[in-house]
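As structure tokens, the structure follows; a few thoughts come after it.
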Amino acid sequence: MTADLDMSDRPTDIATENADNAPQDVSLDIPHDRRMPALPWTTGASPSLTLLPTDDTGPLGHCIAALSGTGWSMTPVVDWLFGPGSRVTTLPDLLRGLGEVLIAAGAPVLRLRLGIWAIHPQQEANAYTWMRGQAEATTLNVGYGIFQTPDYLGSPTEMMHRSGSIVRYRLDRLDPVHDHDVLFNLREMGGTDYIGIPMPTFTGRQDSFFVVTDRTEGFTDTDIAKFRMLARMLLPVVESLAQHQLSVNVLNTYLGERTGQRVLAGKIRRGDGERIKAALWYSDLRDFTAMSETVEETAMLDLMNAYFAHVFESVTVYGGEVLRFIGDAMLIVFPTGDGQDPGKACDNALNAASDAIYRLPALNARLRRQGLPAIAFGIGLHEGSVLYGNVGADARLDFTVMGPAVNRTSRIETLTKRLGTPVLMSKDFADLVSDRFPRTDFGAHPVAGIADPIQVFKPHFWS
Numbered sequence: 001m002t003a004d005l006d007m008s009d010r011p012t013d014i015a016t017e018n019a020d021n022a023p024q025d026v027s028l029d030i031p032h033d034r035r036m037p038a039l040p041w042t043t044g045a046s047p048s049l050t051l052l053p054t055d056d057t058g059p060l061g062h063c064i065a066a067l068s069g070t071g072w073s074m075t076p077v078v079d080w081l082f083g084p085g086s087r088v089t090t091l092p093d094l095l096r097g098l099g100e101v102l103i104a105a106g107a108p109v110l111r112l113r114l115g116i117w118a119i120h121p122q123q124e125a126n127a128y129t130w131m132r133g134q135a136e137a138t139t140l141n142v143g144y145g146i147f148q149t150p151d152y153l154g155s156p157t158e159m160m161h162r163s164g165s166i167v168r169y170r171l172d173r174l175d176p177v178h179d180h181d182v183l184f185n186l187r188e189m190g191g192t193d194y195i196g197i198p199m200p201t202f203t204g205r206q207d208s209f210f211v212v213t214d215r216t217e218g219f220t221d222t223d224i225a226k227f228r229m230l231a232r233m234l235l236p237v238v239e240s241l242a243q244h245q246l247s248v249n250v251l252n253t254y255l256g257e258r259t260g261q262r263v264l265a266g267k268i269r270r271g272d273g274e275r276i277k278a279a280l281w282y283s284d285l286r287d288f289t290a291m292s293e294t295v296e297e298t299a300m301l302d303l304m305n306a307y308f309a310h311v312f313e314s315v316t317v318y319g320g321e322v323l324r325f326i327g328d329a330m331l332i333v334f335p336t337g338d339g340q341d342p343g344k345a346c347d348n349a350l351n352a353a354s355d356a357i358y359r360l361p362a363l364n365a366r367l368r369r370q371g372l373p374a375i376a377f378g379i380g381l382h383e384g385s386v387l388y389g390n391v392g393a394d395a396r397l398d399f400t401v402m403g404p405a406v407n408r409t410s411r412i413e414t415l416t417k418r419l420g421t422p423v424l425m426s427k428d429f430a431d432l433v434s435d436r437f438p439r440t441d442f443g444a445h446p447v448a449g450i451a452d453p454i455q456v457f458k459p460h461f462w463s
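For the sequence shown, the numbering used here begins at 1 and goes up steadily by one.
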């Protein structure tokens, strides 16, 4: 992973480090009667680094003055940003479009990057990068723990986070002692100058905008002032797209992709629902109540998370979606509607069940090494229609799945305990499964709440 998530020098006190540094005399190459004050840069520990505070009294004035300065024109960039750019639906597309219009306007751009904080169970941040000549922008999803790694420590991103300042690195003046590897990598790509601009959001967190040039003389102060103004104008668009992605992440995490999409589409009124056909999966842990009495609470949480993650990995590989976590149980669907082959969905569910059971010994070995008890679980499989929709009070709703097919799937799972086998499937399900899956008829058995006995079959994967 590259170090500039591009959302910072070795750990030192930046305020002390810069206290005795006098501002450099840098003036813009524009007519004298429109000359703006020199930007109040201060130097860093490295000869390549200078810092520009974002809380001084003149930054906006500098930016506005730059709009009438010499060099490349901001007009087509602003026109695009508030025209076609405002209708872009993803951050990679926004960055690609911005890069292309900047190049067309004559801006000295080799690379653009946006660093965005994420709210996601597996990602702490996202970085979007566009290089001149690239057809598309790339996305880097940054996992938790990055801020304790060499990729971040000492990077331009860390410097920006710690200083709260705009950071500038002259890539032709890099110092091997103080400067991060990412800067040397950018120099090898032809970069000569690098700026990082903080983008404080309404949530209080700081996103980032980074620009690299390969122009021999680097950036002028006019360029930097224009990029500062661009970052200000870019922020509302970035926040809007980032908030949409955040909504998708949160809803998919807590509700699942299918339910999350329904909520985003406006299906949020009590009574909104749909009927879906699917191969259904219901599983739960063996001896959950007994384990809950003997296993410490946090250890039990670790155990359940390991079980849920284990099953989730198997079902998602084969196209299943977890609809509900119900205590220690999971309700999963493999949809068969919209022209999808019901037999294929049932094959996928059975393949997922086979995979989950096959990998269970490895999971239990890992649990034992962690001092946790081994687990077992049963899986009931059925095929049918369910009603899927909103239930609850007017102002507090939940999605649920109901119908006879759900009840039957749950009851089939309870038969796995009685009949001593980890997986059972209904006749409706077994009739749809391809012949390459051998099975044994285990007969019809009475179950609670259902008038007629349920005929079940055992797949021939396990003895």
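Cβ atoms here follow ideal geometry from the backbone N, Cα and C, with glycine treated the same way. Since the structure is predicted, the reported quantities are computational estimates derived from the model, not experimental observations.
key: When 133, 275, 323, 145 are compared against residue 403, the one with the closest alpha-carbon   = Taking each of 133, 275, 323, 145 in turn and checking the Cα distance to residue 403, the smallest one comes out for 275.
request  = With distances taken Cα to Cα, identify the nearest neighbour of residue 51 among 221, 147, 184.
outcome  = Answer by Cα proximity: 221.
query = In terms of alpha-carbon separation, which member of 279, 114, 445, 214 lies closest to residue 406?
reply = The option with the nearest alpha carbon to residue 406 is 279.
ask   = What do you get for residue 425, buried or exposed, if any count of 16 or more other CB atoms within 10 angstroms of its CB means buried?
value = Residue 425 is buried by the Cβ-count criterion.
request  = Classify residue 127 as buried or exposed, calling it buried when 16 or more other Cβ atoms lie within 10 Å of its own Cβ.
outcome  = By the neighbour-count criterion, in which 16 or more other beta carbons inside 10 Å mark a residue as buried, residue 127 falls on the buried side.
ask   = From residue 366 to residue 288, what distance separates their C-alpha atoms?
value = Roughly 19 angstroms between the two C-alpha positions.
ask   = Under the DSSP definition of a beta bridge, which residues are partnered with residue 138?
value = BP columns for residue 138 point to 129.
task = With distances taken Cα to Cα, identify the nearest neighbour of residue 351 among 398, 188, 244, 433.
result = Here the closest residue by C-alpha is 433.
message = Tell me the rounded alpha-carbon separation between residue 28 and residue 112.
response = Interpretation of residue 28 is limited by its pLDDT of 28, a score under 50 that renders its predicted location unreliable; the figure taken from the coordinates is listed afterwards. Cα-Cα distance, rounded: 23 angstroms.
query = Count the other CB atoms within 10 Å of the CB of residue 358; is the residue buried (16 or more) or exposed (fewer)?
reply = The residue in question, residue 358, is exposed, as its Cβ has fewer than 16 Cβ neighbours within 10 Å.
task = Please classify residue 307: does DSSP put it in a helix, a strand, or coil?
result = Reduced to three states, the DSSP call for residue 307 is helix.
request  = Using the DSSP secondary-structure output, state which residues sit across from residue 380 in a beta bridge.
outcome  = Its beta-bridge partners are 282, 424.
ask   = Going by DSSP, which residues form a beta bridge with residue 464?
value = Residue 464 lies beyond the range of the chain shown here (1 to 463); nothing can be said about it.
query = Buried or exposed: where does residue 12 fall if 16 or more other Cβ atoms within 10 Å of its Cβ makes it buried?
reply = Confidence at residue 12 is low in this model, with a pLDDT of 32, below 50, so its placement is unreliable and no value can be given for it.
key: For residue 465, the nearest candidate out of 131, 409, 388, 90 (CA to CA)   = In the structure as shown, the chain starts at 1 and stops at 463, and residue 465 therefore has no counterpart that could be examined.
message = Let's test the definition: count the other Cβ atoms within 10 Å of the Cβ of residue 259 and tell me whether it reaches 16, buried, or not, exposed.
response = Classification of residue 259: buried, given that the 10 Å Cβ count is 16 or more.
query = When burial is assigned at 16 or more other CB atoms within 10 Å of the CB, is residue 223 buried or exposed?
reply = Classification of residue 223: buried, given that the 10 Å Cβ count is 16 or more.
ask   = Do residue 192 and residue 179 come within 7 angstroms of each other at the CB atom, strictly closer than that value?
value = Against a cut-off of 7 angstroms, the Cβ pair of residue 192 and residue 179 comes out as no contact.
query = According to DSSP, is residue 477 helix, strand or coil?
reply = A question about residue 477 goes unanswered here, because the residues of the chain that appear run from 1 up to 463.
key: Neighbourhood of residue 437 by C-beta, 8 angstroms cutoff - its chain only, sequence neighbours within 5 removed   = Once the five neighbours on either side are set aside, the close Cβ partners of residue 437 are 347, 350, 459, 460.
message = Buried or exposed for residue 326, going by 16 or more other Cβ atoms inside 10 Å?
response = Exposed, because fewer than 16 other Cβ atoms sit within 10 Å of the Cβ of residue 326.
Whether residue 448 touches residue 455 by CB criterion (7 angstroms) = Going by C-beta atoms, residue 448 is not nearer than 7 angstroms to residue 455.
inquiry  = Quick check: does the Cβ of residue 104 come within less than 6 angstroms of any heavy atom belonging to the ligand FMN?
reply    = Absence of the ligand FMN is noted for the structure shown, with no ligands found whatsoever.
task = With a 10 Å radius around its C-beta and 16 neighbouring C-beta atoms as the bar for buried, classify residue 109 as buried or exposed.
result = Residue 109 should be labelled buried.
request  = Would you mind sorting residue 213 into buried or exposed? The rule is 16 or more other CB atoms within 10 Å of its CB.
outcome  = So residue 213 counts as buried.
key: Nearest-angstrom beta carbon gap, residue 145 and residue 123 [assumed within contact, 8 angstroms]   = At roughly 11 angstroms, the Cβ-Cβ gap does not stay under 8 angstroms, so residue 123 and residue 145 are not in contact.
task = Under 7 angstroms Cβ to Cβ from residue 272, same chain only, skipping five residues before and after it: list those, please.
result = If you ignore the 5 residues before and after residue 272, its C-beta comes within less than 7 angstroms of the C-beta of 389, 390, all in its own chain and listed in chain order.
key: C-alpha gap between residue 281 and residue 451, whole angstroms   = The alpha-carbon atoms of residue 281 and residue 451 are separated by roughly 21 angstroms.
task = Measure the alpha-carbon distance for residue 218 versus residue 103 and round it to whole angstroms.
result = Rounded to whole angstroms, residue 218 to residue 103 spans 15 angstroms at the Cα level.
task = Sort out for me which residues DSSP pairs residue 274 with in a bridge.
result = 388, per the DSSP bridge assignment.
task = Round the Cβ separation of residue 116 and residue 94 to the nearest angstrom and send it over; I've been treating them as touching at under 8 angstroms.
result = So it is not a contact: roughly 11 angstroms between Cβ atoms.
ask   = Start and end of the alpha helix (DSSP H) containing residue 288?
value = That run of the alpha helix (DSSP H) goes 288 to 294.
Residue 125 classed as buried or exposed, judged by whether at least 16 other C-beta atoms fall within 10 angstroms = Label assigned to residue 125: buried.
query = Using the rule of at least 16 other Cβ atoms within 10 Å of the residue's Cβ for burial, across every protein chain shown, is residue 114 buried or exposed?
reply = Counting the other Cβ atoms within 10 Å of the Cβ of residue 114 gives 16 or more, which makes it buried.
task = Decide yes or no for the touch test of the region 78 to 92 against the region 128 to 142: beta carbon pairs closer than 8 angstroms, at least 3 of them.
result = They touch, by the three-pair rule.
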